[in-house]
Structure formats: C-alpha cells, structure tokens
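Asks: Attaching a single structure in structure tokens format; questions to follow.
Protein chains in written order, with my numbering: chain A, 29 to 342; chain B, 11 to 107.
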C-alpha cells in the first residue's frame, strides 16, 4: 500500500516535471527540470526492475544530455537571440504543440491498448542465454541477439562527433576544443577533479565488467569513465586533445571498427554476420565490449567539449 | 537485539527525513541564494548521513553496508563541490533570481 502510494507519487512527480519542462519560459530552468526529470525517470526504471535501463537513463538522460543542454543554454544566453527563435511565430508554435500532443496521445493509446500480458520475447531471451555464456539477459540482447542495432548505435556516436567537428572554423580544423565550460581556476573543483577520477575509473571499469552477469555493461561503464574525463577537462587539469590526434581518433573509432571486424569474422567462424562461434561467444563479447567502452568513454566527453576552437599547433 | 537495531533504523531515518524536510523548507523559503544553498547542503550532508546510518543495520552484508557509506561520501563530495561552485559564481556574477 505504502509502496503503491510512493509509486503513484513518483509517477505524478515525473509527469509534473515533464509539464514544467515544456512550459518553462527560459532555457535554463527548462534544462534543470529536464535533468531532474531524467534522474526521477531512472528511479521509475528501478521500480520496474529494469536496472540496466535505469543506469543508462541516469547516465545519459540525467548526466550527459544535462551537460550538453546546460552548455547550450549558457552559450545561448551569452549570444543574441537566435534567428530561428524569432522565426518561430505563435501560429507555428501552436502547430508544434498540436503535433507533439498528437504524437504523445498516439503513444499513450498504443501503450494503454497493449494486450495483457503484453507480447514479450523475454522467455526466448532467457532460454537461449546459455549459448552466449552471459548471465545478464539485457547484455545478451544488446550484444548477441540484436548486436546489429548496438553496432549501428556505436557508429552513430562516430557520426555525431563528425557532425560536431564539422562546425569548426577552417583555421581551427585539427586544433583542440575549448574546456566544456569556462570556469576560472577554482580550488574546490580542482580538488574534486583530483579526488574523484581514481575512484570513478574503478567504478566505471567494474560496471563494465559485471555487465556480463549483472546490471551494467559497456555503455553504463563507458559513460562513467566519460564523466571522469569531463570532470578533469572542466577543472582544467588537462586540456581537451587536438582533434587531429591519432590516438584520440583511434579511441573514437575502435569500438565500431572492432565490432564490425568481429561481425565479419562471424562469416568465417560461425557462418553469418555478427555470429559468435559456439562455446567462444563470451570471450569475443567481452573483447568487443572493451573497445566499445573505450570509444564511449572517448566520444561522450568530445561531444561535450564541442568543435575545436583553437588553431592547431604546427 | 533486532528490536534495538530496528529502533535505531527508524529513529535515524526519521531524523534524516526531518533534515530533508527542513532543507526543502529552507530551499523554498530562505530569502537569498547563499542561505538556500546552506539549507540544501545540510539536507545532503546530515540528512543523507542519518538515512544511511539507519539503513546500515538493514544491509544484507558488510559489502552492501560499505557501498551505502561510499554513496554517502560521494554525495558529500559532489554536494560540497557544487555548493562551492554555485557560491563562487554568485560572488563573481552577482545574485540571480
């Protein structure tokens, strides 16, 4: 009874925050409530026993998107009102609202009209998990049953980086991005950035490692590692690397390339793309995940760091 | 023994919740940002600390208890740092809102 009340309260809170995010007049309050919304949403995922999703939501919805949006909001506050914003006339605004409302109600209708119990592939996922050597069915889905999707997701990250870098001015091409946020040297932040990363790196690697059998995995672990690098860059303990750096580019591309390589190897070893040879699946999955973690840990901070703004050193 | 531990849990968690309540009230009612920050960090530090103390006897094993303590230490650390950063940006750019 108490738990149900809390659940309903949590859901009501998330809905209120969602409404507040949409209705907020200024960008910054909207971003703050969106981040809170993401964090509370991850609590809902925990209540639905989807801890893997909760970890991802907290890392991406709460953490990464939050940093990106706050940076965007503060940049926008400094610059003049964007031209596109002036172009959004009240009728257009209303049209957007109607369209969003339609999409939301369509989604809600679908969710409400799902048969009960809803169709599920969970039994099959659990039934075949022995073949992968994994203990966590979510990881099995991500990296074995629908490995193709996951591989494409990793490619999307590379495309995103290319997109961000393509905003660079010509003379800055090959140079380094600035610090994610401009904060003057600050004792507290420096201390924090010196103290936290050793522990955070440990936790990130552990979350990646236990992902085979428990909630966790490459994305969640990689996101924590990425956060550590972001903190170090924000505290100016280390500058963002030049985008022409060979090691940076290798780290960014390693995940998709290794994934693709292992996938092609599947033709020879197991007869089809992205198939793992029987009895040897788990080591290969871990191998792919190591490079995925590396790429995620490198990509997310570089996305936050933004396009290069310094001219390359000769 | 278990009654005493339960009592400790209930007492500590209730006390922690009071701190959270007070912190929330302060956040809503205090006149300026620095005071609001002060109220907020009290809830984080003492409130969460008391909740963790209350949860310790309920932890399954030593490791789970240790994790709870680590969570508290990490929240302390980030709360203190963010508090400093917000306070400094107020000093530099002045009060907003």
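We put the beta carbon where it would ideally sit given N, CA and C, even for glycine.
Thinking C-beta only, is residue 125 (chain A) closer than 9 Å to residue 336 (chain A)?
Replies: Mapped onto the first chain, residue 336 (chain A) falls at position 308. Mapped onto the first chain, residue 125 (chain A) falls at position 97. Contact flag unset, no.
Asks: Along the chain, which unbroken stretches of the alpha helix (DSSP H) at least 4 residues long are found entirely within the region 133-175 of chain A?
Replies: Counting only runs of 4 or more, we get 150-155, 157-160 and 165-168.
Asks: Go through its chain and collect everything with a Cβ distance to residue 80 (chain A)'s Cβ below 6 Å, but skip five positions before and after it.
Replies: Within the first chain, residue 80 (chain A) is the residue found at index 52, counting from 1. So the qualifying residues of the chain are 166 and 243.
Asks: Return the CA-CA distance between residue 73 (chain A) and residue 84 (chain A), expressed in angstroms with no decimal places.
Replies: Within the first chain, numbered from 1, the residue matching residue 73 (chain A) stands at position 45. Within the first chain, numbered from 1, the residue matching residue 84 (chain A) stands at position 56. Near 10 Å, if we compare the C-alpha coordinates of residue 84 (chain A) and residue 73 (chain A).
Asks: Any beta-carbon of chain B closer than 9 Å to the one on residue 77 (chain A)?
Replies: Within the first chain, numbered from 1, the residue matching residue 77 (chain A) stands at position 49. No - not a single Cβ of chain B is within 9 Å of the one on residue 77 (chain A).
Asks: Taking 9 Å as the CB-CB cut-off, is residue 215 (chain A) touching chain B?
Replies: Working through the first chain from its first residue, we reach residue 215 (chain A) at position 187. Cβ-Cβ to chain B under 9 Å: yes for residue 215 (chain A).
Asks: To the nearest angstrom, report how far apart residue 146 (chain A) and residue 128 (chain A) are at their CA atoms.
Replies: As a first step, residue 146 (chain A) is located in the first chain; it is residue number 118 there, counting from the start. As a first step, residue 128 (chain A) is located in the first chain; it is residue number 100 there, counting from the start. Roughly 26 Å separates the two Cα atoms.
Asks: Could you say which of B:45, B:53, B:69 and B:18 lies nearest to residue 34 (chain B) if we only look at CA atoms?
Replies: Along the second chain, one-based indexing puts residue 34 (chain B) at 24. Minimum Cα distance to residue 34 (chain B) is reached at B:53.
Asks: Just reading off the alpha helix (DSSP H) that residue 88 (chain A) is part of, what are its end residues?
Replies: In the first chain, residue 88 (chain A) corresponds to position 60, counting from 1. Counting along the chain, residue 88 (chain A) falls outside any alpha helix (DSSP H), and DSSP gives it neither H nor E.
Asks: Give the secondary structure of residue 311 (chain A) by DSSP, where H, G and I count as helix, E and B as strand, and everything else as coil.
Replies: Counting from 1 along the first chain, the entry for residue 311 (chain A) is found at position 283. Looking at residue 311 (chain A) - three-state DSSP - the assignment turns out to be helix.
Asks: State the Cα-Cα distance for the pair residue 51 (chain B) and residue 218 (chain A), rounded to the nearest angstrom.
Replies: Within the second chain, the letter at position 41 stands for residue 51 (chain B). Within the first chain, the letter at position 190 stands for residue 218 (chain A). Spanning the two alpha carbons is a distance of roughly 20 Å.
Asks: Counting only C-beta atoms, is residue 45 (chain B) closer than 9 Å to chain A at any point?
Replies: Here residue 45 (chain B) is taken as the residue at index 35 of the second chain, counted from 1. No, residue 45 (chain B) lies away from the interface with chain A (no Cβ there is under 9 Å from its Cβ).
Asks: Considering only C-alpha positions, which residue in the set B:15, B:16, B:23 and B:99 is nearest to residue 57 (chain B)?
Replies: By 1-based counting over the second chain, the position of residue 57 (chain B) is 47. The shortest Cα separation from residue 57 (chain B) among B:15, B:16, B:23 and B:99 belongs to B:23.
Asks: Can you name, in chain order, every residue of its own chain whose Cβ lies under 7 Å from the Cβ of residue 58 (chain A), other than the five neighbours on each side?
Replies: Along the first chain, one-based indexing puts residue 58 (chain A) at 30. Result list for residue 58 (chain A): 49 and 52, in chain order.
Asks: Ordered along the chain, which non-local residues of its own chain (more than five positions away) have a Cβ less than 6 Å from that of residue 238 (chain A)?
Replies: Here residue 238 (chain A) refers to the residue found at position 210 of the first chain. Once the five neighbours on either side are set aside, the close Cβ partners of residue 238 (chain A) are 244.
Asks: Based on Cα-Cα distance, which residue from A:100, A:67 and A:77 lies nearest to residue 88 (chain A)?
Replies: Translated into positions along the first chain, residue 88 (chain A) becomes position 60. Comparing Cα positions, the closest option is A:67.
Asks: Out of B:72, B:93, B:18 and B:38, which one is the CA nearest neighbour of residue 55 (chain B)?
Replies: For the purposes of this step, residue 55 (chain B) is identified with residue 45 of the second chain, where counting begins at 1. The candidate whose alpha carbon is nearest that of residue 55 (chain B) is B:93.
Asks: Please specify which runs of the beta strand (DSSP E), each continuous and at least 3 residues long, are wholly inside the region 198-285 of chain A, giving them in chain order.
Replies: Runs found: none.
Asks: Identify every run of the alpha helix (DSSP H) within the region 36-105 of chain B, keeping only runs that are complete inside it and at least 4 residues long; order them along the chain.
Replies: Correct list: 43-52, 58-65 and 72-103.
Asks: Rank A:173, A:82 and A:65 by C-alpha distance to the C-alpha of residue 39 (chain A) and give the top, closest one.
Replies: As a first step, residue 39 (chain A) is located in the first chain; it is residue number 11 there, counting from the start. Per the Cα distances, A:65.
Asks: Do residue 328 (chain A) and residue 255 (chain A) have their CB atoms nearer than 9 Å?
Replies: The residue given as residue 328 (chain A) occupies position 300 in the first chain. The residue given as residue 255 (chain A) occupies position 227 in the first chain. In this structure, residue 255 (chain A) lies closer than 9 Å to residue 328 (chain A) by Cβ.
Asks: 9 Å is my cut-off, CB to CB: does residue 236 (chain A) come that close to chain B?
Replies: Mapped onto the first chain, residue 236 (chain A) falls at position 208. Answer no: the Cβ-Cβ gap between residue 236 (chain A) and chain B never drops below 9 Å.
Asks: Which of helix, strand or coil does DSSP assign to residue 329 (chain A)?
Replies: Numbered from 1 along the first chain, position 301 holds the residue referred to as residue 329 (chain A). Helix, per DSSP.
Asks: Hey, residue 333 (chain A) and residue 98 (chain B): beta-carbon distance below 9 Å or not?
Replies: One-based indexing of the first chain puts residue 333 (chain A) at position 305. One-based indexing of the second chain puts residue 98 (chain B) at position 88. Against a cut-off of 9 Å, the Cβ pair of residue 98 (chain B) and residue 333 (chain A) comes out as no contact.
Asks: Quick one: Cα of residue 158 (chain A) to Cα of residue 240 (chain A), how far?
Replies: Translated into positions along the first chain, residue 158 (chain A) becomes position 130. Translated into positions along the first chain, residue 240 (chain A) becomes position 212. Computed Cα separation, rounded: 12 Å.
Asks: Note down the Cα distance separating residue 154 (chain A) from residue 173 (chain A), rounded to an integer number of angstroms.
Replies: On the first chain, residue 154 (chain A) is found 126 positions in, with the first residue counted as 1. On the first chain, residue 173 (chain A) is found 145 positions in, with the first residue counted as 1. Cα-Cα distance, rounded: 11 Å.
Asks: Does any heavy atom of the ligand ATP sit closer than 8 Å to the C-beta of residue 215 (chain A)?
Replies: The ligand ATP is not part of the structure shown, which contains no ligands of any sort.
Asks: Measure the C-alpha to C-alpha separation of residue 305 (chain A) and residue 175 (chain A) and round it to an integer number of angstroms.
Replies: For this step, residue 305 (chain A) is matched to residue 277 along the first chain. For this step, residue 175 (chain A) is matched to residue 147 along the first chain. Rounded to whole angstroms, residue 305 (chain A) to residue 175 (chain A) spans 14 Å at the Cα level.
Asks: Among A:307, A:200 and A:291, which has the Cα closest to the Cα of residue 301 (chain A)?
Replies: In the first chain, the residue the question calls residue 301 (chain A) occupies position 273. Taking only the C-alpha atoms, the option nearest residue 301 (chain A) is A:291.
Asks: Is there at least one Cβ from chain B nearer than 9 Å to residue 223 (chain A)'s Cβ?
Replies: Looking up residue 223 (chain A) in the first chain gives position 195. Chain B, which has a Cβ nearer than 9 Å to the Cβ of residue 223 (chain A), makes this yes.
Asks: Could you tell me which chain A residues have their CB closer than 7 Å to the CB of residue 94 (chain B), listed as they occur along the chain?
Replies: As a position in the second chain, residue 94 (chain B) is number 84, starting the count at 1. Within chain A, the residues near residue 94 (chain B) are 216.
Asks: Measuring only between beta-carbons, confirm whether residue 19 (chain B) sits less than 9 Å from chain A.
Replies: As a first step, residue 19 (chain B) is located in the second chain; it is residue number 9 there, counting from the start. Chain A contact via Cβ: absent.
Asks: Taking the beta carbon of residue 63 (chain A) as the centre, do at least 16 other beta carbons fall within 10 Å, making it buried, or is it exposed?
Replies: Indexing the first chain from 1 puts residue 63 (chain A) at position 35. Under this definition residue 63 (chain A) is a buried residue.
Asks: Cα separation between residue 148 (chain A) and residue 266 (chain A)?
Replies: The residue given as residue 148 (chain A) occupies position 120 in the first chain. The residue given as residue 266 (chain A) occupies position 238 in the first chain. Rounded to the nearest angstrom, the two C-alpha atoms are 47 Å apart.
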